[in-house]
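Asks: Position 28, counted from 1, in the sequence shown is what my numbering calls 35; the numbers after and before it change by one each time, with no gaps. By construction, the Cβ of each residue, glycine as well, lies at the ideal position given by its N, Cα and C atoms. Bear in mind the structure is a predicted one, so any value in this text is a computation, not a measurement.
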Amino acid sequence: MIGMEDMGLIFEVTDAMGIDRESISVPLGKEDPGAVRLLSNGEIEIVVPESTSTEEWVATLRVELEKLGFEMEE
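1. Can you have a look at valine 43 and say buried or exposed, based on whether 16 or more other CB atoms are within 10 angstroms of its CB?
2. Looking at methionine 14: is its Cβ nearer than 8 Å to the Cβ of glycine 36?
3. What's the call for valine 55, buried or exposed, on a 16-neighbour Cβ count within 10 Å?
4. Considering valine 43, what are the terminal residues of the alpha helix (DSSP H) in which it resides?
5. So, using beta-carbon positions, are methionine 24 and glutamate 80 closer together than 8 Å?
6. Using CA atoms only, rank isn't needed, just tell me which of Ile26, Lys74, Ile31, Asp27 is closest to glutamate 52.
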């Protein structure tokens with residue numbers, strides 16, 4: 008299950024990219040291999056992997072968000 012620490016780590020990345028928290032959907036269950044995708048309703052779905060710690064995975068999250076066109080804000 009996703010915990011508050013996991014969400015904090017995710018929000019560190021998404022906040023730094025200027026992504027509104029209301030536009031993020033994070034399923035409560037973890038599922039390998041994890042995923043980041045833009046849904047048809049404009050939300051960003053972030054599925055946290057089960058076999059990798061969230062601390063390690065947030066680097067992948069950043070790369071995947073960059074592939075969707077988001078950038079780190081200054």
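Replies: The structure says:
1. Within the sequence shown, numbered from 1, the residue matching residue 43 stands at position 36. By the 10 Å Cβ count, valine 43 comes out buried.
2. Indexing the sequence shown from 1 puts residue 14 at position 7. Indexing the sequence shown from 1 puts residue 36 at position 29. Cβ distance not < 8 Å, so methionine 14 and glycine 36 don't count as in contact.
3. Here residue 55 is taken as the residue at index 48 of the sequence shown, counted from 1. Buried, by the Cβ-count rule.
4. Here the question's residue 43 lines up with position 36 in the sequence shown. Careful: valine 43 lies outside any alpha helix (DSSP H), inside the beta strand (DSSP E) at 42-45.
5. To locate residue 24, count along the sequence shown from 1; it is residue 17. To locate residue 80, count along the sequence shown from 1; it is residue 73. Cβ distance < 8 Å, so methionine 24 and glutamate 80 count as in contact.
6. On the sequence shown, position 45 is the one that residue 52 refers to. Considering only alpha carbons, the answer is Ile31.
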